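Chemist: First the structure, which I've put down as structure tokens, then a few questions once you've had a look.
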Amino acid sequence: MATPLIFATMQGGYTNYIKLLLKAGADPNIPDDVGTLPIEYAALRDCIEEVEMLFPVTSPIPNAPDWSIEGVISYAKIEDEKPIEQRHLERRIALFKSQADTAFRQKDYKMASHFYGLAIAHGESATLYANRSLCKLLMADGDGALSDALKCRMLRPKWAKACFHQAAAHMLLKEYKQACDALEDAQRMDPGNAEIDVQLRKARELMKNTPGDDGEQ
Numbered sequence: 001m002a003t004p005l006i007f008a009t010m011q012g013g014y015t016n017y018i019k020l021l022l023k024a025g026a027d028p029n030i031p032d033d034v035g036t037l038p039i040e041y042a043a044l045r046d047c048i049e050e051v052e053m054l055f056p057v058t059s060p061i062p063n064a065p066d067w068s069i070e071g072v073i074s075y076a077k078i079e080d081e082k083p084i085e086q087r088h089l090e091r092r093i094a095l096f097k098s099q100a101d102t103a104f105r106q107k108d109y110k111m112a113s114h115f116y117g118l119a120i121a122h123g124e125s126a127t128l129y130a131n132r133s134l135c136k137l138l139m140a141d142g143d144g145a146l147s148d149a150l151k152c153r154m155l156r157p158k159w160a161k162a163c164f165h166q167a168a169a170h171m172l173l174k175e176y177k178q179a180c181d182a183l184e185d186a187q188r189m190d191p192g193n194a195e196i197d198v199q200l201r202k203a204r205e206l207m208k209n210t211p212g213d214d215g216e217q
């Protein structure tokens with residue numbers, strides 16, 4: 001069911017009514033049944049006055065690349081050309097990723113991992129797997145971190161960050177030979193990266209001093 005703000009911005013000709021609704025406390029962040037916000041309907045009608053009115057009280061849309069008056073108008077028109085199903089999917093992924101990023105910044109890695117998982121369930125990406133792998137590393141879940149890092153590498157084989165996360169998981173599992181192999185891959189993809197070089201030296205030293213892991217002892 002459409003809110004009064006949705007109705008007013010969708011129909012047009014209700015600019016003063018929108019002003020009164022906002023003054024009375026109407027929430028501009030409630031979308032309609034297809035996930036479209038009042039500000040997007042105003043943008044689709046090129047009603048700059050209404051967009052400017054709604055912009056300060058509307059929360060940034062997670063997958064809108066440029067959160068500005070002009071950016072909202074451009075974004076709304078691009079979104080309007082997409083099939084409804086695609087719009088729904090992209091918005092859900094962006095929302096889950098935004099929630100995951102917030103939880104990660106708050107160091108709630110379990111919750112961040114959960115939301116990254118929800119985003120992945122709606123659409124896999126190397127970035128989402130890399131982010132969830134890092135969460136699992138920080139929770140000392142070596143097997144889970146390794147699984148996500150390997151999936152990340154499958155989706156983006158030439159990404160040094162994926163190799164680095166794989167190596168970190170192997171290090172956590174004390175699999176130093178595999179960590180060295182992954183870091184050597186990362187080094188080839190990103191030569192001169194100091195952090196990779198440091199971790200590779202560390203992994204080689206641990207491998208050399210660990211019996212049974214292709215070390216010298």
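In terms of the UniProt record's numbering, the sequence shown opens at residue 1 and continues consecutively.
Where a beta carbon is used, it is the ideal one built from N, C-alpha and C, also for glycine.
Here the structure is a predicted model, which is why all the values come from computation and not from measurement.
Would you decide whether Arg153 is buried or exposed? Buried here means 16 or more other CB atoms lie within 10 Å of its CB.
Modeler: buried
Chemist: Alpha carbon to alpha carbon, what distance is there between Lys19 and Leu5?
Modeler: 10 Å
Chemist: What's the gap between the Cα of Met10 and the Cα of Leu95?
Modeler: 23 Å
Chemist: Can you grab the Cα-Cα spacing for the pair Leu44 / Tyr75, in whole Å?
Modeler: 9 Å
Chemist: With DSSP as the reference, label Gly117 as helix, strand or coil.
Modeler: helix
Chemist: Judging by CA-CA distance, which residue of Glu175, Ala162, Lys23 is the nearest neighbour of Gln187?
Modeler: Residue nearest to Gln187 within the set Glu175, Ala162, Lys23 is Ala162 (criterion: CA-CA distance).
Chemist: Are there 16 or more other CB atoms within 10 angstroms of the CB of Arg201, so buried, or fewer, so exposed?
Modeler: Note on Arg201: under 16 other CB atoms within 10 angstroms of its CB, so exposed under the neighbour-count rule.
Chemist: Here's the rule: buried if 16 or more other CB atoms are within 10 angstroms of the residue's CB, otherwise exposed. What is Asp141?
Modeler: For Asp141, the number of other beta carbons within 10 angstroms of its own is at least 16, and it is reported as buried.
Chemist: Cα separation between Ala8 and Ser125?
Modeler: About 38 Å.
Chemist: Going by beta-carbon coordinates alone, are Ile78 and Val51 separated by less than 8 Å?
Modeler: no
Chemist: Arg91: buried (16+ other C-beta within 10 angstroms of its C-beta) or exposed?
Modeler: Flag for Arg91 reads buried.
Chemist: Excluding sequence positions up to five away, which residues of its chain have a Cβ less than 6 Å from the Cβ of Leu146?
Modeler: Ala169
Chemist: How would you call Asp143, buried or exposed, if buried means at least 16 neighbouring beta carbons within 10 angstroms?
Modeler: exposed
Chemist: Which residues in the same chain as Arg156 place their Cβ atom closer than 7 Å to its Cβ, once the five residues preceding and following it in sequence are excluded?
Modeler: Cβ within range, chain order: Ala126, Ala162.
Chemist: Relative to the C-alpha of Asp148, which candidate in Gly117, Ala42, Lys174 has its C-alpha closest?
Modeler: Gly117
Chemist: Output yes or no for whether 8 Å exceeds the beta carbon distance between Cys30 and Thr58.
Modeler: The displayed chain sequence assigns Ile, not Cys, to residue 30. Cβ distance not < 8 Å, so Ile30 and Thr58 don't count as in contact.
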